[in-house]
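Per our numbering, numbering through the sequence shown is continuous, rising by one, with the last residue being 405.
Even for Gly, the Cβ is constructed at its ideal location relative to N, Cα and C.
Below: one structure, written as C-alpha cells.
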Amino acid sequence: MKIAVMGSIHENGWDLIKKNNFEAFEVTNFSNDSLKKELEDVDGIAIRTAKLDKEVLSNCKNLKIVSRHGVGYDNVDKNFLDKNRIALGITGTANSVSVAEHVMTMLLYLSRKINLSDQLTRNGNFKQKNTLPDFYELYEKNILIFGFGRIGKALAKRCMAFETNVYVCDPFVDDKIIKENGCYPINKLEGLKIADCISIHLPLNEKTKNFISYDDFKITKPNLILINTSRGEIINEEALYDVLNQNKISGAGLDVYNNEPPLKDNPLFSLSNTVLTPHNSALTLECRKRMAIETFENILYYLTGDKLLNKKNIINNKIIGMN
Ligand SMILES: NC(=O)c1ccc[n+]([C@@H]2O[C@H](COP(=O)([O-])OP(=O)(O)OC[C@H]3O[C@@H](n4cnc5c(N)ncnc54)[C@H](O)[C@@H]3O)[C@@H](O)[C@H]2O)c1
Numbered sequence: 083m084k085i086a087v088m089g090s091i092h093e094n095g096w097d098l099i100k101k102n103n104f105e106a107f108e109v110t111n112f113s114n115d116s117l118k119k120e121l122e123d124v125d126g127i128a129i130r131t132a133k134l135d136k137e138v139l140s141n142c143k144n145l146k147i148v149s150r151h152g153v154g155y156d157n158v159d160k161n162f163l164d165k166n167r168i169a170l171g172i173t174g175t176a177n178s179v180s181v182a183e184h185v186m187t188m189l190l191y192l193s194r195k196i197n198l199s200d201q202l203t204r205n206g207n208f209k210q211k212n213t214l215p216d217f218y219e220l221y222e223k224n225i226l227i228f229g230f231g232r233i234g235k236a237l238a239k240r241c242m243a244f245e246t247n248v249y250v251c252d253p254f255v256d257d258k259i260i261k262e263n264g265c266y267p268i269n270k271l272e273g274l275k276i277a278d279c280i281s282i283h284l285p286l287n288e289k290t291k292n293f294i295s296y297d298d299f300k301i302t303k304p305n306l307i308l309i310n311t312s313r314g315e316i317i318n319e320e321a322l323y324d325v326l327n328q329n330k331i332s333g334a335g336l337d338v339y340n341n342e343p344p345l346k347d348n349p350l351f352s353l354s355n356t357v358l359t360p361h362n363s364a365l366t367l368e369c370r371k372r373m374a375i376e377t378f379e380n381i382l383y384y385l386t387g388d389k390l391l392n393k394k395n396i397i398n399n400k401i402i403g404m405n
C-alpha cells in the first residue's frame, strides 16, 4: 500500500505507518500538475490544509481513503469522494481541547486588555496603572457559542468553569442536549443581541459563508468580543474591520482569515483591539501528536480492517463517506 502525506506531520504518525510496513512519502509541491503525477497510484492520502480538487482526485487511480489531519474538510472535494466511494477520515477526537483552550486564551487576553498592561509595565509606567482603560472579568458574562459540536462543547465546559452564562445556537442539536450540557439554547438573532462574547465553531459551507456580516453588527453590544477559530470566510472581514476600527465592538480574536495567509497589508493588523494567530489553535504539541496518530490510524484501519485500530478509533472517531 502506498500513502502520500501532503504537508508535514509529527513523527509519531510516521512511526505508526513505518511499523505497519506501508510505503509512505511526503508531498511538498501542491501545484495540481505535480499532485497529478505524485498521487496517481497512491492508495491513501494524509492531508493537512492543501487543496485537493476534482482535477487531481480524478487522476488518482487507486485512491481509497483521504485522511484529514484535522476536522474541517472544506479543502477536499467531498462530492467527488462520495460519488466515487472514496472514504474521508477526520481526526475527530484530537483537536477540540486545543482549540477550546485557544479560545479561552483569546477571551481572557481581550477582556483583560492584557496588551495594554504589558506595554505599560515594560515602558516603566508601573505607577500609572490607573490610567489604563477599563478591563473586565468573564464572570457572569453571556457567552454565545455558534455550533455545538466537538469544539463548541469543549468550549462550553471551560466557559462554565469561569461561571459565565453559556448560550448555544445550533439548530441541528436538540435543545434538550444543550440544556443537559448546562447551556441555554438560543436563536441567532436573540443571541447576537445579548452576547458579551461570541465564539464561532461552524463548518464552512454555502450556508455558513458570511454567517456574520454587516447587518449582524447592527444589533451586537458595544462591549462584544468576537472570536473566530473556525474558518475565515464565515465572517465578513471588511465588516469586522469597520466595527473594530469604529469601536462598535470591543475586540476580536482571529485564528482564521478570508485569505490564508492574509495579505501583508490586511487592515486588521493595524488595530490594537485584536489578537491574531496564524491558524494554529490546534497546533499544540499534544494535539499535533494526536492528530498525526489519528490521521494514520484512520488510513490503516480503512485499508487493513485492523480490529485493534477499529476498537480504539472508530468508537471515538468518525470516518465519513465510507458507504
Ligand atoms: N483553527 C483551527 O485550527 C481549527 C481546528 C479544528 C477545527 N476548525 C474548524 O472548526 C469547525 C468546527 O469543528 P468541530 O470539530 O466542532 O465540528 P463539528 O462538526 O463537531 O461541529 C460543528 C457544529 O456546527 C453546527 N452547525 C452547522 N451549521 C450550523 C449553522 N448554520 N448554525 C449553527 N450551527 C451549525 C453543527 O450542527 C455541529 O454541531 C470545523 O469545521 C473546522 O472548520 C478549525
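Inclusion of Asn177 in the 7 Å shell around ligand 1 follows from its C-beta lying nearer than that to a non-hydrogen atom of the ligand.
DSSP, reduced to helix, strand and coil, places Ile316 within a helical segment of the structure shown.
Across the structure, Leu163 and Ala169 are spaced so that their CA atoms are roughly 7 Å apart. Sequence-distant partners of Met83 (beyond 5 residues in either direction) whose C-beta falls short of 6 Å from its own C-beta, in its chain, are Phe104, Asp125 and Leu385. Residues Ala86 and Val148 of the same chain have their beta carbon placed closer than 6 Å to that of Ile127, with the five preceding and five following residues left out of the count. Residue pairing by DSSP puts Tyr266 in a beta bridge opposite Tyr249. Using a Cβ distance threshold of 8 Å, Val109 and Glu122 do not count as a contacting pair. According to the DSSP assignment, Gly95 belongs to the alpha helix (DSSP H) that extends over Glu93 to Lys101.
Between Cys369 and Asn362, the alpha-carbon positions lie close to 11 Å from each other. Contact annotation: Val248 and Tyr266 have beta-carbon atoms nearer than 8 Å. Rounded to the nearest angstrom, the Cβ distance from Phe244 to Leu284 is 23 Å, too far for a contact under 8 Å. For Asn197, the enclosing alpha helix (DSSP H) begins and ends at Ile196 to Arg204. In this structure Ala374 is in contact with Ile91, their Cβ atoms being roughly 5 Å apart against a cut-off of 8 Å. Closest in alpha carbon position to Gly335, among Pro344, Val357 and Asn327, is Val357. If you ignore the 5 residues before and after Val181, its C-beta comes within less than 7 Å of the C-beta of Ile233, Thr311, Ser363 and Ala364, all in its own chain and listed in chain order.
With distances taken between CA atoms, Asp216 lies nearest to Ser332 out of Cys279, Ser332, Thr366 and Pro349. Relative to Thr366, the option among Thr203, Gly264 and Asn177 whose CA is nearest is Asn177.
Contact between the region 137-154 and the region 345-352 is not established, with fewer than three Cβ pairs separated by less than 8 Å.
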